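Residue numbering for the sequence shown follows the working numbering, starting at 49 and increasing by one per position. Worksheet: one structure, shown below.
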Amino acid sequence: MTILGIETSCDDTAIAVVEAHSTGSAGSPQGSSGQAPAFRVLSNVVSGQVETHAAFGGVVPTLAAREHAKNFAPVLLRALYEAGLSSPEDDKKIDLIAVTTHPGLMPSLLVGVHAARALAWQMEKPIIGINHLEGHLAANLLPEITRKDTNVKTKGHEILFPAVALIVSGGHTQLVVMRDWLEYEVIGETRDDAAGEAFDKVAKLIGLPFPGGPPISQLAAKSQGTRNKIQDTIKLPRPMMNKEGYDFSFSGLKTAVLYFVRDTYGTVENPDIPEDAKAALCAEFQQAVVDVLVAKTVRAAKEHGAKTVMLGGGVAANSELRRQLGDAVATLPQSPIYQLPTAAMAVDNGAMIAAAAYLRWQQMTEPDQAATTWQDVAVQL
Ligand code: KG4
Ligand code: ZN
Numbered sequence: 049m050t051i052l053g054i055e056t057s058c059d060d061t062a063i064a065v066v067e068a069h070s071t072g073s074a075g076s077p078q079g080s081s082g083q084a085p086a087f088r089v090l091s092n093v094v095s096g097q098v099e100t101h102a103a104f105g106g107v108v109p110t111l112a113a114r115e116h117a118k119n120f121a122p123v124l125l126r127a128l129y130e131a132g133l134s135s136p137e138d139d140k141k142i143d144l145i146a147v148t149t150h151p152g153l154m155p156s157l158l159v160g161v162h163a164a165r166a167l168a169w170q171m172e173k174p175i176i177g178i179n180h181l182e183g184h185l186a187a188n189l190l191p192e193i194t195r196k197d198t199n200v201k202t203k204g205h206e207i208l209f210p211a212v213a214l215i216v217s218g219g220h221t222q223l224v225v226m227r228d229w230l231e232y233e234v235i236g237e238t239r240d241d242a243a244g245e246a247f248d249k250v251a252k253l254i255g256l257p258f259p260g261g262p263p264i265s266q267l268a269a270k271s272q273g274t275r276n277k278i279q280d281t282i283k284l285p286r287p288m289m290n291k292e293g294y295d296f297s298f299s300g301l302k303t304a305v306l307y308f309v310r311d312t313y314g315t316v317e318n319p320d321i322p323e324d325a326k327a328a329l330c331a332e333f334q335q336a337v338v339d340v341l342v343a344k345t346v347r348a349a350k351e352h353g354a355k356t357v358m359l360g361g362g363v364a365a366n367s368e369l370r371r372q373l374g375d376a377v378a379t380l381p382q383s384p385i386y387q388l389p390t391a392a393m394a395v396d397n398g399a400m401i402a403a404a405a406y407l408r409w410q411q412m413t414e415p416d417q418a419a420t421t422w423q424d425v426a427v428q429l
């Protein structure tokens, strides 16, 4: 099955063409073997808007929608072209359209959803609305881009249930227990800022560009080799790390960074922080976030007897989180599978929306599949 995946929930206009292959029995995304469906990513085009929002230090919803409207057609044409589907009759080769309907910024979602509905109507194809967070989970099943001239053998990942998944993005921080692909329960979430949001806000405070995750982790890496006196003097809190339950809170951590900067450099308006001190601060901040995320995920995996531990969302691109969670999971008595998306698939993209749509599609009955027309898909709040 060939799926066109469309994602515009925040500030990335992202469209992908993904080929899906079933490995399980009908009606279930995976058989008892634990083998998940296999995917080939034929194209995965992402157009970001960092410059548009840079001056505002965060995403401005109406500006994001305007950029999506401007970029949608070129991104679509490029995704089709890269997948080898650029002639007019090639649209017959698309079997299903998938689009993010929630959660996200309303103006941004509207652009993608209405464009997807128009495509489904014009191409007479079925269309499924997708929960963005299910997309981040499905990203675990995606390989990197598959060049169309290679005939790469596809094999589904092995995923055993129950699974515990940590979804960490710019908008969400959730711990989820999954009994099957689309059967899950949220057992914990952030009470204030999301993990990625904390990276973004701290970056802004110390004069690093948006989004803050990549520059903070790059600077932190610089200080790791030379763990020095400066780093020993910065001790940030690990909010809610040892509290019962699985909720998170990151706004206090951001405030602790703010107080540290104010007290050490006398101001929070363009503070003059020497490069080595900035690197040390980034390392301690990143470690505080990673400590909390790892501790809670491992505790949830233990309590729920997880056979797989999974990561998803933009913060899952963080190499320290990937490494340290893997090390902690390896110490669990039940030796779960540790499954994580590639860094490219961890951040927002259209391929993950296509993959989530395939999991949904497989669980639908044929009459339901036939009834998924453009009129049934709308933005959800
Ligand atoms: O999932 P995503 O692309 O968009 C949302 O759904 O929000 O996540 C974006 C978030 C941003 O907050 C960004 O700072 C963070 O992911 N991020 C990272 C890294 N790469 C992206 N955070 C920490 N380390 C990274 N390497
Ligand atoms: Zn996301």
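Note that beta-carbon positions come from the ideal geometry of N, C-alpha and C, so glycine has one too. Computed from a predicted structure; not experimentally measured.
When you compare the CB positions of residue i and residue j, do they come within less than 8 Å of one another, or not?
i: residue 131; j: residue 147; result: no
i: residue 219; j: residue 428; result: no
i: residue 133; j: residue 141; result: yes
i: residue 315; j: residue 159; result: no
i: residue 387; j: residue 205; result: yes
i: residue 155; j: residue 110; result: yes
i: residue 362; j: residue 395; result: yes
i: residue 144; j: residue 51; result: yes
i: residue 87; j: residue 190; result: yes
i: residue 406; j: residue 102; result: no
i: residue 380; j: residue 333; result: no
i: residue 246; j: residue 298; result: yes
i: residue 425; j: residue 108; result: no
i: residue 63; j: residue 123; result: yes
i: residue 357; j: residue 364; result: no
i: residue 309; j: residue 267; result: no
i: residue 402; j: residue 66; result: yes
i: residue 296; j: residue 221; result: yes
For residue i, report the span of its beta strand (DSSP E) as first-last.
i: residue 179; result: 175-179
i: residue 223; result: 221-228
i: residue 52; result: 50-55
i: residue 236; result: 231-237
Which residue comes first and which comes last in the alpha helix (DSSP H) that contains residue i?
i: residue 144; result: Residue 144 -> not in any alpha helix (DSSP H); beta strand (DSSP E) instead, spanning 144-150.
i: residue 62; result: Not the alpha helix (DSSP H): residue 62 falls in the beta strand (DSSP E), residues 61-69.
i: residue 300; result: 299-313
i: residue 416; result: 414-418
i: residue 400; result: 398-411
i: residue 386; result: Counting along the chain, residue 386 falls outside any alpha helix (DSSP H), though it belongs to the beta strand (DSSP E) covering 385-387.
i: residue 340; result: 323-351
i: residue 374; result: 367-377
i: residue 164; result: 154-171
i: residue 100; result: 98-102
i: residue 364; result: Segment: none, residue 364 is in no alpha helix (DSSP H) and carries neither H nor E.
i: residue 130; result: 109-130
i: residue 267; result: 261-272
i: residue 246; result: 243-253
i: residue 394; result: 391-394
Sort the options by Cα distance to residue i and report the nearest one.
i: residue 234; options: 183, 294, 264; result: 294
i: residue 434; options: 310, 426, 83, 422; result: Only positions 49 to 429 of the chain appear in the structure, and residue 434 is not among them; the question remains open.
i: residue 391; options: 192, 207, 404, 271; result: 192
i: residue 337; options: 242, 92, 114, 91; result: 242
i: residue 265; options: 119, 368, 124; result: 368
i: residue 49; options: 64, 61, 70, 181; result: 70
i: residue 366; options: 244, 308, 351, 407; result: 244
i: residue 404; options: 59, 122, 113, 231; result: 231
i: residue 259; options: 289, 97, 61, 359; result: 97
i: residue 320; options: 53, 341, 255; result: 255
i: residue 354; options: 212, 283, 347, 342; result: 212
i: residue 126; options: 90, 225, 297, 296; result: 90
i: residue 157; options: 128, 333, 117, 358; result: 117
i: residue 186; options: 389, 262, 364; result: 389
i: residue 312; options: 270, 282, 289, 115; result: 282
i: residue 34; options: 358, 170, 181; result: Any property of residue 34 remains undetermined from this structure, which presents the chain solely from 49 to 429.
i: residue 129; options: 107, 112, 93; result: 93
i: residue 229; options: 268, 181, 253; result: 181
i: residue 345; options: 236, 271, 95, 65; result: 236
i: residue 291; options: 248, 340, 138, 272; result: 340
i: residue 288; options: 207, 239, 280, 309; result: 239
i: residue 418; options: 216, 168, 121; result: 168
i: residue 370; options: 351, 335, 263, 105; result: 335
i: residue 286; options: 304, 272, 322; result: 304
i: residue 105; options: 217, 249, 59; result: 249
i: residue 60; options: 112, 66, 85; result: 112
i: residue 301; options: 251, 270, 262; result: 251
What does residue i pair with, by DSSP beta-bridge criteria?
i: residue 83; result: 206
i: residue 92; result: 64
i: residue 193; result: 89
i: residue 212; result: 225, 357
i: residue 296; result: 238
Given 8 Å, three or more beta-carbon pairs between the segment 170-185 and the segment 316-329: No contact exists between the segment 170-185 and the segment 316-329.
Would you say the segment 362-380 touches the segment 402-413, given that touching needs at least three Cβ pairs under 8 Å? Segment contact: the segment 362-380 against the segment 402-413, fewer than three CB-CB distances shorter than 8 Å; contact not assigned.
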